[in-house]
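Throughout the sequence shown, residue numbering follows this note's numbering, covering 2 to 761 in sequence. Idealized CB from N, CA, C, for every residue including glycine. Bear in mind that the values here come from a model prediction, so they are computed numbers and not experimental data. This report concerns only the one structure given below.
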Amino acid sequence: MEQKQRISQRMIIIAVILSGLLTLLSGAVQASAPGNIISGEESAKINKIAPEVQQVLSSLQADEITTVIVRLKAQANLLAITDRNRRIRIEKVINALQNMANATQNRIEALLRSRAAEGKVDQFESFWVFNGLAVTATADVIAELAALPEVDTITPNTTIQAPAPQTAGGTPEPNLAKVNAPAMWSLGFRGQGIVVANMDTGVNVTHPDLAAQWRGGSNSWFDPNGQHPTTPIDFDGHGTWTMGTMVGRDAGGSAIGVAPEAQWIAVKIFNDQGSATVAGIHAGYQWLLDPDGNPATDDTPHVVNNSWTYSSPGCNTEFQLDLTALRAVGIVPVFAAGNFGSGSSTGASPSNNPAAFAVGATDNSDIIYAGSSRGPSDCWEAETIFPEMVAPGVNIRTSDPSGYANVTGTSLAAPHVAGGLALLLSSDPNLTVTEQEWAMLDGAKDLGPSGPDNDFGSGRLDILAAYQSLQSGGPPTPSIGPNLALNKSVTVSSFQSQDGNMAVDGDLTTYWQTAKAVGKNTLPSEWINVDLGSNISVTQVVLKWDANFATNYTIQISYDNESWANVFSTTTGDGGNDLITFTPVLARYVRLISTAWSSSSQRNWLREFEIYGDASDPAPTPTPTNTPTSTPTPMSTATPTSTPDNQNTMHVGDLDGSSSPGKRDRWDAIVVVTVHDANATPLANATVNGSWSNGASGSDSCNTDTSGQCSFTKNSIRGNVANVIFEVDSVTHSNYNYLPSANQDPDGDSDGTTISIPKP
Numbered sequence: 002m003e004q005k006q007r008i009s010q011r012m013i014i015i016a017v018i019l020s021g022l023l024t025l026l027s028g029a030v031q032a033s034a035p036g037n038i039i040s041g042e043e044s045a046k047i048n049k050i051a052p053e054v055q056q057v058l059s060s061l062q063a064d065e066i067t068t069v070i071v072r073l074k075a076q077a078n079l080l081a082i083t084d085r086n087r088r089i090r091i092e093k094v095i096n097a098l099q100n101m102a103n104a105t106q107n108r109i110e111a112l113l114r115s116r117a118a119e120g121k122v123d124q125f126e127s128f129w130v131f132n133g134l135a136v137t138a139t140a141d142v143i144a145e146l147a148a149l150p151e152v153d154t155i156t157p158n159t160t161i162q163a164p165a166p167q168t169a170g171g172t173p174e175p176n177l178a179k180v181n182a183p184a185m186w187s188l189g190f191r192g193q194g195i196v197v198a199n200m201d202t203g204v205n206v207t208h209p210d211l212a213a214q215w216r217g218g219s220n221s222w223f224d225p226n227g228q229h230p231t232t233p234i235d236f237d238g239h240g241t242w243t244m245g246t247m248v249g250r251d252a253g254g255s256a257i258g259v260a261p262e263a264q265w266i267a268v269k270i271f272n273d274q275g276s277a278t279v280a281g282i283h284a285g286y287q288w289l290l291d292p293d294g295n296p297a298t299d300d301t302p303h304v305v306n307n308s309w310t311y312s313s314p315g316c317n318t319e320f321q322l323d324l325t326a327l328r329a330v331g332i333v334p335v336f337a338a339g340n341f342g343s344g345s346s347t348g349a350s351p352s353n354n355p356a357a358f359a360v361g362a363t364d365n366s367d368i369i370y371a372g373s374s375r376g377p378s379d380c381w382e383a384e385t386i387f388p389e390m391v392a393p394g395v396n397i398r399t400s401d402p403s404g405y406a407n408v409t410g411t412s413l414a415a416p417h418v419a420g421g422l423a424l425l426l427s428s429d430p431n432l433t434v435t436e437q438e439w440a441m442l443d444g445a446k447d448l449g450p451s452g453p454d455n456d457f458g459s460g461r462l463d464i465l466a467a468y469q470s471l472q473s474g475g476p477p478t479p480s481i482g483p484n485l486a487l488n489k490s491v492t493v494s495s496f497q498s499q500d501g502n503m504a505v506d507g508d509l510t511t512y513w514q515t516a517k518a519v520g521k522n523t524l525p526s527e528w529i530n531v532d533l534g535s536n537i538s539v540t541q542v543v544l545k546w547d548a549n550f551a552t553n554y555t556i557q558i559s560y561d562n563e564s565w566a567n568v569f570s571t572t573t574g575d576g577g578n579d580l581i582t583f584t585p586v587l588a589r590y591v592r593l594i595s596t597a598w599s600s601s602s603q604r605n606w607l608r609e610f611e612i613y614g615d616a617s618d619p620a621p622t623p624t625p626t627n628t629p630t631s632t633p634t635p636m637s638t639a640t641p642t643s644t645p646d647n648q649n650t651m652h653v654g655d656l657d658g659s660s661s662p663g664k665r666d667r668w669d670a671i672v673v674v675t676v677h678d679a680n681a682t683p684l685a686n687a688t689v690n691g692s693w694s695n696g697a698s699g700s701d702s703c704n705t706d707t708s709g710q711c712s713f714t715k716n717s718i719r720g721n722v723a724n725v726i727f728e729v730d731s732v733t734h735s736n737y738n739y740l741p742s743a744n745q746d747p748d749g750d751s752d753g754t755t756i757s758i759p760k761p
């Protein structure tokens, strides 16, 4: 069966919608760090604070408070967690998220507790689903938070209104037959063993079509507003509609749900007054990842439906990290596309974000619903098809707190897809996000112009065809397209006479030449970072070395130039041409980091750094390049047979220095080094080697304890020395490889590798 749209492998951002209206506020040279965009500490603070928050802060009296969302720069690296076993994957993801929060939020929490004692902080809530907090405090405390180097952004805790009811009379549409749900039932797949969830207005647990499927227990219902802590309830009706479309049975005389034997759990993000907050939605996503608070318990839902949205079209990335976490554990974040059609680019966030799977609405004649939001998406740098697909969403008969209702909107279309995923997962609970999305898109019935378009996406849902696509072999191996790195923007660690652009010019007679490892070049690693311009599927890297090459190197990918994941690593590089193939991943940035070389003084001479992706993805048109008169004979090619797990790397997670007076005008310096693994977990039994300079000298080593820490002390420093420098030279461990490029310092008093300790 022909694949109708590129596989949705988004790693970030958000997705959205709802059936009714819902409002939401929404020459040796070494590289140097970028300078301030606007000079001055106050400007730096302001740049972190969203304009909406700045406006509120300017109007507050000294003792007045407001609630904001504080997001930290350091975020867990989830891209390398790819275990096929669902339980193991979920536990690893949760541990990685929690470890990152535990390792980086301590200073902020201590500050907030101190300011609470002064009456300046009313409350705060820490999150790990994304590394951040919800803080209710005075303007001066919020400004104090903005000044912290570990803080990335401060955004409003927006209030969101529940969707307005949209009911319709008349004969119900045969929506279940339209998507081939009964055909799946006849094969024995009715959603058994699968748990679905919605983020909505609640669910009427006593409804005869829903009561038996509630999973029950304390891990099956969450009200972040605290109004109904134990028992599902729905005063609005919207959440009961969407749940009925997913799992409703036939107590009213006809079947209403796509997956009638699936169990359900729910998050009531909207309070009884019909509004939700950003903080409450974050709390809801966090609860869904670990409902009982024990990462080792397999109680995470398989499917999550979101039939809610911001109040108008546009792009907002507030929940991108939450949705990324859902995808990391194997959950496709299904969203209604929005009811802002029929103009172009009418999708609303989070549904139009790359991490979401957006669903538009059609009627029983496969005509697009007039209100269904259309593409392209505003949240991709390159023009991107939106929505992903469509499903029935006009005059849908479903459960209602008062019995049954016929309702219209994309809020009802999305649960058809969520229920369809439950049927697919009942045939194989370990399907990956890529496999689930590919099956849905490959099996969709093409509508409108041939191929994907911005009205119908890849077409209308056909669950049986999706199942048959999986049975016929699953997602195809992507074909290789043009060189995505050609003439793209690059940054490098250093260069001698030929800069990094020479490695992406398509000309084999030129090459990137790093600075010689003499004089000023004391870098522990060399790197080149290619910016592809937008997030795109990447599946292959080709390195074409010159006479000097890296023997130890790692290939990393990132979607934001901050969170990085390893896709390949080797300690046996032998030059020539290296062909590296890996599972397709979505990335904007691809980086090569080298730590050992065939010539330790010359380091890297790289002729070409080529990057390839799925040929069906949009890619730049290659420009003419020079044809070399002679091409070096390639040496043996390193073709990896498997992609190593990023969990076996370690780095410096924190570097803290202090000083104290000594005897006779002398002073002492102490440095505490914390070593973390790739999931930010403290690592014991690592040997840290470090050296002193700038008024102090010598080198030493220490071994980390169970907290991942060890310390270095330099005594009797001369009184005329204003400050000394300590540098981590290397870290060794019997089971982990040191990745110095990942070194960090959450409190910002060092770069994670070198720290200056001033005289007391």
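- Counting only runs that start and end inside the stretch 283-311, there is no alpha helix (DSSP H) element of at least 4 residues.
- For glutamine 55, no beta strand (DSSP E) run applies; the uninterrupted alpha helix (DSSP H) run containing it begins and ends at 52-60, by DSSP.
- Annotated three-state conformation of arginine 719 is coil, per DSSP.
- Judged by pairs of C-beta atoms under 8 Å, the stretch 81-92 does not touch the stretch 59-68, as fewer than three such pairs exist.
- Shown here, tyrosine 468 sits in a helix according to DSSP, grouped into three states.
- Between the stretch 693-702 and the stretch 724-744 there are three or more C-beta pairs closer than 8 Å, enough to call the two in contact.
- Secondary structure note for methionine 503: it is in no alpha helix (DSSP H), with a DSSP letter that is neither H nor E.
- Inside the stretch 559-623, DSSP marks whole beta strand (DSSP E) runs of 3 or more residues at positions 566-571, 578-598 and 606-613, from first to last along the chain.
- As computed with DSSP, valine 493 is found in a beta bridge with Ile529.
- Counting every other CB atom within 10 Å of its CB across the protein chains shown gives glutamate 119 a total below 16, marking it as exposed.
- If you ignore the 5 residues before and after glycine 658, its C-beta comes within less than 6 Å of the C-beta of Val672, Ile756 and Ile758, all in its own chain and listed in chain order.
- Here the alpha carbons of isoleucine 70 and threonine 511 stand approximately 48 Å from one another.
- Under DSSP, leucine 73 takes part in a beta bridge, and its partners are Val152.
- If you draw a straight line from the Cα of serine 470 to the Cα of aspartate 443, it is about 7 Å long.
- Taking a C-beta distance under 7 Å as the contact criterion, leucine 740 and glycine 709 do not qualify as a contact pair.
- About 13 Å separates the beta carbon of valine 335 from that of alanine 260, a gap too long to meet the 8 Å contact definition.
- For isoleucine 161, the enclosing beta strand (DSSP E) starts and ends at 160-162.
- Contact annotation: alanine 178 and asparagine 132 have beta-carbon atoms that are not nearer than 7 Å.
- In terms of Cβ geometry, leucine 448 and phenylalanine 457 form a close pair [threshold 7 Å].
- In the DSSP assignment, serine 412 falls within the unbroken alpha helix (DSSP H) covering 411-428.
- Using a Cβ distance threshold of 7 Å, asparagine 567 and valine 653 do not count as a contacting pair.
- Alanine 548 is classed as exposed because its beta carbon has fewer than 16 other beta carbons within 10 Å across all chains shown.
- Phenylalanine 550 has its alpha-carbon roughly 22 Å from the corresponding atom of phenylalanine 583.
- Residue Thr650 holds the alpha-carbon nearest to the alpha-carbon of alanine 679 among Leu656, Thr650, Gly348 and Asp706.
- Contact between the stretch 246-264 and the stretch 139-156 is not established, with fewer than three Cβ pairs separated by less than 8 Å.
- In the DSSP annotation of this structure, serine 115 is not part of any beta strand (DSSP E); the continuous alpha helix (DSSP H) holding it starts and ends at 107-118.
- DSSP places glycine 361 in the strand class (E or B) of the three-state scheme.
- Arginine 608 and proline 388 have their alpha carbons spaced roughly 41 Å apart.
- DSSP places histidine 652 in the uninterrupted beta strand (DSSP E) bounded by 650-662.
- Cβ contact annotation for tyrosine 737 (same chain, cutoff 6 Å, sequence separation greater than five): Asn649 and Met651, in chain order.
- According to the DSSP assignment, serine 187 belongs to the alpha helix (DSSP H) that extends over 182-187.
- Note that the C-beta distance between glutamine 541 and tyrosine 613 is below 7 Å.
- With respect to the 7 Å criterion, arginine 592 and glutamine 557 are classified as neighbours on the basis of their beta carbons.
- Secondary-structure assignment with DSSP links glutamate 126 through a beta bridge to Ala135.
- Relative to proline 402, the option among Glu527, Thr241, Gly394 and Gly281 whose CA is nearest is Thr241.
- The Cβ atoms of histidine 417 and proline 453 do not sit closer than 7 Å to each other.
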